[in-house]
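Numbering (the numbering used here), first residue to last: 617 to 746.
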């Protein structure tokens with residue numbers, strides 16, 4: 617080799633690589649050890665038996681049906697809300713439909729710039745609004 621060029625120090629590089637490799641192996645072993653403990657900790661704190669988390673709840677299906685129908689009414693999906701209540705054989709619950717229908721008519725009028733229905737509703741319901 618020529619005098620001007622430095623020769624690489626292979627033993628030093630090899631030692632350095634070995635040290636880095638040993639450090640990585642140590643970190644990897646520590647990580648694997650901690651990861652192997654993780655499922656045991658989960659089992660200790662959380663019971664994997666789903667039946668222990670389950671409980672029977674008696675639903676008032678009348679209220680559930682009304683809630684679902686009201687959601688559809690609120691969204692303006694009146695046919696769907698009516699269908700839910702008719703299938704549940706709760707036609708008396710359809711009475712609230714008219715209030716939501718009126719609300720949607722007022723909102724639609726406001727969207728096109730007609731404030732008259734909103735003002736009319738406010739005048740009629742003035743006492744309730746106080």
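Just so you know, even glycine gets a beta-carbon here, dropped at the ideal spot from N, CA and C. Owing to the predicted nature of the structure, the values given are computational and were not obtained by experimental measurement.
- Using a 10 angstroms sphere on the CB of residue 689, the tally of other CB atoms reaches 16 or more, which defines it as buried.
- Excluding five sequence positions before and after residue 625, none of the CB atoms of its chain fall closer than 7 Å to its own CB.
- By the Cβ neighbour-count rule, residue 681 is buried, with 16 or more other Cβ atoms within 10 Å of its own.
- The count of Cβ pairs closer than 8 Å, one atom from the stretch 692-705 and one from the stretch 713-728, reaches three, so the stretches are in contact.
- As summarised for the stretch 628-700, the continuous alpha helix (DSSP H) elements at least 4 residues long and confined to that stretch are 677-690, given in chain order.
- By the Cβ-count criterion, residue 716 is buried, with 16 or more other Cβ atoms from all chains shown falling within 10 Å of its own Cβ.
- Residue 719 has its alpha-carbon roughly 15 Å from the corresponding atom of residue 739.
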